[in-house]
Structure formats: structure tokens, C-alpha cells
Amino acid sequence: MQKPIEPGCLVVFINSMFPENIGRTGTVIEIDHTDDPRGDVHVDGYFKGTVHDSGPCWTRRENLRRIDGGDPDATQEENQDQEVPSDALA
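Heads up: the sequence shown runs through residues 1 to 90, numbered per full-length UniProt numbering.
Structure follows, in C-alpha cells:
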């Protein structure tokens, strides 16, 4: 079962009013329940938005999917285990 979206987790856009955001990833900064009981999500990264052309943005939860599995240590460990091309070490 997927853990819920929460501050600090890694997410990917699966829907957006700006098609260029779909597939982009970012880190959740905060969740605000003021206007929507489900919570609007503030995502850090470079995304097209209605206020700024590129930068962090606010979106609804249903536009995001959590991709870090909910365990920050597992994500870091996974990143450390990735292969590095031999020419990158030169």
C-alpha cells in the first residue's frame, strides 16, 4: 500500500493543467488544508504554474503520486546503489 503524500516525500506529477509538468518530480514542502479538506500540496521543483513561469507550485493531491515508497532511507540507499558509467569516474 502506498503511503500518503506528506511533507518531505518525493512525488511525480501524473496530471496537470500544464502538460509539460506531467512526469516531473519534486519534493513536498507543505500541505495546506485551508481551502480544501484534502489539502493543497506545495511542491518544490521547477514547474510551470499560473503565478510563476517556473518554480515551486501548489497543486491538488490527485495530481501527484508518491514515488519514494514512504521510506526516505530506502530512497537514499537505492540512489547509492545505482551503476555509474566508467567514463564518469575519469
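Beta carbons are placed, not taken as given, at the ideal position from N, Cα and C, and that holds for glycine.
Item                                                                                                                                             : Value
Taking the alpha carbon of asparagine 15 as the reference point, which residue from Cys9, Arg24, Pro7 and Gly8 has its own alpha carbon closest? : Arg24
Do threonine 27 and valine 41 have their CB atoms nearer than 8 Å?                                                                               : no
Mind checking whether aspartate 68 and leucine 10 have CB atoms under 8 Å apart?                                                                 : yes
Can you check DSSP and say which residues form a bridge with arginine 60?                                                                        : Asp40
Need the endpoints of the beta strand (DSSP E) that phenylalanine 18 sits in, please.                                                            : Where phenylalanine 18 is concerned, there is no enclosing beta strand (DSSP E), given that its DSSP letter is neither H nor E.
Hey, does isoleucine 22 have any beta-carbon neighbour from chain D nearer than 8 Å?                                                             : This model lacks chain D altogether; it includes just one protein chain.
Between the C-alpha atoms of glutamate 62 and isoleucine 31, what's the straight-line distance to the nearest angstrom?                          : 13 Å
For a test of the three-state rule: what should DSSP assign to isoleucine 67, helix, strand or coil?                                             : coil
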